[in-house]
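Each residue of the sequence shown is one higher than the one before, starting from 21 at the first, in the numbering used here. Think of the CB as a built atom: it goes at the ideal place given N, C-alpha and C, for glycine as much as any other residue. Note that this is a predicted model, so its numbers are computed, not measured.
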Amino acid sequence: MSKKIVFVGPVGAGKSTLIANLRKSENHVLKTQTITYMGEFVDIPGEYIEIRKFNYAVINEILSAKAVVIVQDATSSKMAVPPGFCSTFEGKKIFGVVNKIDIKGANPLKGKKLLLESGVKMENIIFVSAITGEGMKKLEETINKILKE
Ligand SMILES: Nc1nc2c(ncn2[C@@H]2O[C@H](COP(=O)(O)OP(=O)(O)OP(=O)(O)O)[C@@H](O)[C@H]2O)c(=O)[nH]1
Ligand SMILES: [Mg+2]
């Protein structure tokens, strides 16, 4: 059974920073250049979801994953993934993370709304800051629970 947790979202949403936080990594986070596997975590460059012709690579990773984390930037009004994206993956565990809630002017509720529109279930949405660590305990617990299942 796969143990992969796949992180999906646009360029700059904070996927790599979230993974670094979860892995307690002190390494400086660089722009992700290609699909990167780190332990259970799969980090996909934002371009793969933003550029339609690369979407197949994201879908491929999701199909063989244990769970998916869609990362929505709370400072952006752009959806992290296309509307209804989650309905493509019936039965797959999909979580939504509203990231960057520490930033002044961030709109976490807007982030939640966009995730709901993409098909993430209300109870699977977590509000975090990958930088200050707010909400990260809940995300970590959620992921640990999935990995034990
Ligand atoms: N203030 C703040 N900045 C964040 C947060 N999460 C990420 N960032 C910053 O946002 C920028 C982009 O973060 P990345 O983790 O590289 O984003 P990414 O989603 O991996 O982007 P790609 O690799 O291009 O797909 C970096 O400068 C991070 O420091 C957060 O919660 N709060
Ligand atoms: Mg990255």
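- Comparing alpha-carbon positions, the option among GLY139, ASN164, LYS112 and LYS24 lying closest to GLY104 turns out to be GLY139.
- Taking the C-beta atoms as reference points, LYS112 is found nearer than 8 Å to VAL88.
- ILE69 sits away from VAL26, with the two beta carbons spaced by 8 Å or more.
- With respect to the 8 Å criterion, VAL62 and LYS24 are classified as neighbours on the basis of their beta carbons.
- The closest heavy atom of ligand 2 lies less than 7 Å from the beta carbon of THR52.
- Relative to the non-hydrogen atoms of ligand 1, the Cβ of ILE151 comes within a distance shorter than 7 Å of at least one.
- In the DSSP secondary-structure assignment, PHE115 is bridged to VAL89.
- Rounded to whole angstroms, the gap between the alpha carbons of GLU161 and LYS168 is 11 Å.
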